[in-house]
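Counting from 1, position 296 in the sequence shown corresponds to residue 296 in UniProt numbering; the numbering is continuous, with no gaps. First the structure, in the form of structure tokens, and then the observations on it.
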Amino acid sequence: MSHHHSASSLSPSAAAVNQDSVIDSLISAEPHHSPPPDYLRRLHRRHVHVTRRQDSVNWILHAHAHFSFRPLTALLAVNYFDRFLSTAAVSFDGDNGWEFQLLSVACFSLAAKMEEPEAPSLSDLQVSEPRFVFEPKTVRRMELWVMEQLNWRLRSVTPFDFLHYFIFNLPQSSSFNHQSFLWVCSDLIVKTLRVIDFLGFRPSVIAAAAVISAAGEGVVIPESYYAKVNKEMVRSCHRLMEEYLVDTCPWGNNGVRKLRRSDEPPASPDGVLDAAACVSCGSCSDDGVLVPATFSGYQDK
Numbered sequence: 001m002s003h004h005h006s007a008s009s010l011s012p013s014a015a016a017v018n019q020d021s022v023i024d025s026l027i028s029a030e031p032h033h034s035p036p037p038d039y040l041r042r043l044h045r046r047h048v049h050v051t052r053r054q055d056s057v058n059w060i061l062h063a064h065a066h067f068s069f070r071p072l073t074a075l076l077a078v079n080y081f082d083r084f085l086s087t088a089a090v091s092f093d094g095d096n097g098w099e100f101q102l103l104s105v106a107c108f109s110l111a112a113k114m115e116e117p118e119a120p121s122l123s124d125l126q127v128s129e130p131r132f133v134f135e136p137k138t139v140r141r142m143e144l145w146v147m148e149q150l151n152w153r154l155r156s157v158t159p160f161d162f163l164h165y166f167i168f169n170l171p172q173s174s175s176f177n178h179q180s181f182l183w184v185c186s187d188l189i190v191k192t193l194r195v196i197d198f199l200g201f202r203p204s205v206i207a208a209a210a211v212i213s214a215a216g217e218g219v220v221i222p223e224s225y226y227a228k229v230n231k232e233m234v235r236s237c238h239r240l241m242e243e244y245l246v247d248t249c250p251w252g253n254n255g256v257r258k259l260r261r262s263d264e265p266p267a268s269p270d271g272v273l274d275a276a277a278c279v280s281c282g283s284c285s286d287d288g289v290l291v292p293a294t295f296s297g298y299q300d301k
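See the structure below:
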């Protein structure tokens, strides 16, 4: 959800009040743009086919990298995917892999249309040599079903809506290359998509934790930083990032955190139920990014 403001017409105090009201509005909207709280529990209990979901997320991220799309596009695609699966009207048993592949393509296509200046055609979008390819009319029907189940709420609230707010609220003494810092924060946020336990945190909490993680241990976070979020939830999310997403050799040449490569799945049995399953089914691209080993669908290539 993008918001643009004319800061030049506001005094510093008025701008701060205006920013606070925008953040409050976004936080209030978060539950309407996220899967329900029981969705993560259903994944852990395998009520939702967790391996198929991980295959789908891996494909979305691989396609996202293939087209060099914006970070927000990946978040939107997976957000649509999870919100759709979490609805009571949807029941995918996982036996027919083509259902999940079709859903992946539809969600990725919708996200690209929402965020990218030029979205590829539905035929060109189906990269990574999937076993089955869907006709454009089939994908369009799936897109319509997704939009209906999401109540047409495609302009989702994501961690990126809160990123600048939390960066601004870091101690003023913090010194780092802004562009490099922003890139590390963005990359951390995208990498959370691979670990299902991050579904237990709201977008604002993920953004707050990503900024803390990117800033590193040398930055003392003031209490005021947590004015809009639950401090313990942010700390819990931060610990998850440190354990699963941040390299053990934490500092790169630019003075910002060094992240794990995308092909290094975290080691926790809870946090990476899916990543472990995906590694066992065995298919990686040449650049090491995990991609689905097999997909089913309408049209066998």
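Where is the CB? At the ideal position from N, CA and C, for every residue including glycine.
- The shortest CA-to-CA distance from residue 168 to any of 194, 207, 56 is the one to 207.
- Just measuring C-alpha positions, the residue of 209, 91, 82 sitting nearest residue 57 is 82.
- By the neighbour-count criterion, in which 16 or more other beta carbons inside 10 Å mark a residue as buried, residue 79 falls on the buried side.
- With respect to residue 204, residue 242 sits apart: the two C-beta atoms are not nearer than 8 Å.
- Taking each of 24, 244, 92 in turn and checking the Cα distance to residue 46, the smallest one comes out for 92.
- Between residue 228 and residue 27, the CB-CB gap stays under 8 Å.
- With respect to the C-alpha of residue 195, the residue from 162, 48, 54, 42 having the closest C-alpha is 54.
- Bounds of any alpha helix (DSSP H) do not take in residue 171, whose DSSP letter is neither H nor E.
- Per the Cβ contact rule, the segment 218–227 is not in contact with the segment 182–192 (fewer than 3 Cβ pairs under 8 Å).
- Rounded to whole angstroms, the separation of the alpha carbons of residue 132 and residue 33 is 30 Å.
- By the CB criterion at 8 Å, residue 209 and residue 238 fall inside the cutoff.
- Going by DSSP, residue 236 is part of the alpha helix (DSSP H) stretching over 231–244.
- Residue state for residue 132 is assigned as strand, using DSSP reduced to three classes.
- If you look at residue 218, you'll find it isn't in any alpha helix (DSSP H); DSSP assigns it neither H nor E.
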